[in-house]
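Here the sequence shown is numbered in the numbering used here, starting from 1044 and rising by one per residue.
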Amino acid sequence: MNTQKRPKKQTSTVRVCHPDQFVGLELKQGTTKTKPSAPHLHEAYQISLITAGATIFRYRHSQQVAPAHSLMAIVPGEVHENISIGARTFANIYAEPKFLQQLGLLKQSEQLPYVCEAVIHDLTALTLFSAILQSYSEPSSLIEREIRLMQAFTHLFTHYTDKNLIGTKVGQEHRAVKFVKDFMRERYAEEVTLSELSTLTGLHKNYLLNVFTKEVGISPHRYLMNIRISQAKRLIKQGRPISEVATMTGFSDQSHLTREFQKHSLVTPGAYCHKVSKSLFCSRRSTKN
């Protein structure tokens, strides 16, 4: 007889909030058993507060470690992936450029501030970003939340950006890569082939694949999946049925959308569409690992 006890199955709890008052702001909080993720990117700044455990991730061609009581800072459009396995507790803040414009921290024609540090060990920054989540875990006025958001991002952009890196990064992007990215953003719901992209750019398929993957950090296919997920989130927030969203964003069916969505966002489309109106933590959605 086998008397060995079976290990308890870990449960991941992830909650998402996209406040009505601010367009382009998303909050995510949870405890999860971290799994290696597919390389992905966001169209928003991702600020992650690691409150327990640690996150090991690959970003800017190197391995980074964010221990407990530190911040992860990911720039829009930059590829990253989790490569650690273990439990962690985290809270993420996603801020799109249009949200920063709404706060008055960024002009519409202005280049995005380039955050240099991937892992930030700064008690002031940690306190300011923690205060944002605190304001969504308890009754708070809109002006209080707005002020806390402005204070945190002002501190980040004042102390951790380098304007000299912006022009260099943009200038190095291969023209064919920029064309492919723009093409996919316009035609994300359509079937796109490497042969078509090769014809449009005038580059051999293998060469184009290598150039794109080297400069962007992921293949054209993975980039297209990221664009589709971003568009799916936008439609889900509008209240569209998930099966309809799958069709509108180019996925073969709802199951295909769900698989890709979970790889990217840790939650299912159904959990993501649950909008929290008063408190980020007043409703719980769980998934079993």
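The beta-carbon is built from N, C-alpha and C at its ideal position, and this holds for glycine as well.
Cβ-Cβ distance between residue i and residue j below 8 Å
i	j	result
Phe1146	Leu1192	Correcting the residue identity first, residue 1146 is Leu in this sequence and not Phe. Cβ distance < 8 Å, so Leu1146 and Leu1192 count as in contact.
His1114	Ile1090	Sequence check: residue 1114 is Leu here, not His. Going by C-beta atoms, Leu1114 is nearer than 8 Å to Ile1090.
Thr1204	Pro1263	no
Arg1101	Ile1126	yes
Ala1195	Leu1171	yes
Leu1240	Val1254	no
Leu1237	Thr1075	no
Leu1199	Phe1142	no
Val1235	Leu1267	yes
Leu1251	Thr1242	no
Tyr1315	Ile1279	yes
Leu1185	Gln1072	no
Extent of the continuous alpha helix (DSSP H) to which residue i belongs
i	result
Gly1313	1312–1315
Ser1308	1297–1308
Leu1114	Looking at the DSSP string, Leu1114 is not in any alpha helix (DSSP H); the run it does join, the beta strand (DSSP E), is 1113–1117.
Phe1226	1218–1229
Ser1286	1285–1291
Nearest-angstrom Cβ-Cβ length linking residue i and residue j, presumed shorter than 8 Å
i	j	result
Val1059	Leu1084	Rounded, the Cβ-Cβ distance is 18 Å, inconsistent with contact.
Ala1087	Pro1119	6 Å
Gly1260	Pro1082	6 Å
Phe1133	Thr1197	Not really, about 23 Å apart at Cβ, beyond 8 Å.
Ala1109	Val1162	5 Å
Ser1286	Gln1274	Incorrect: roughly 15 Å between the Cβ atoms, too far for contact.
Ile1272	Glu1303	6 Å
Residues bridged to residue i (per DSSP)
i	result
Gly986	Residue 986 falls outside the range modelled here, since the chain spans only 1044 to 1332, and no answer is possible.
Ser1241	Per DSSP, none; premise fails for Ser1241.
Cys1060	Leu1070
His1088	Here residue 1088 is Tyr; the residue named in the question, His, does not match the sequence. In the DSSP output, where bridge partners are listed per residue, Tyr1088 has Ala1138.
Val1162	Met1115
Status (buried if at least 16 other CB within 10 Å, exposed otherwise) for residue i
i	result
Arg1277	exposed
His1307	buried
Ser1178	buried
Asn1135	buried
Thr1056	exposed
Glu1187	exposed
Val1288	buried
Thr1201	exposed
Span of the beta strand (DSSP E), counted from its first residue to its last, around residue i
i	result
Glu1124	1123–1125
Ala1138	1129–1138
Ser1180	Taken as a continuous stretch (DSSP letters only), Ser1180 belongs to no beta strand (DSSP E), as it is neither H nor E.
Ser1105	1105–1109
Thr1098	1098–1102
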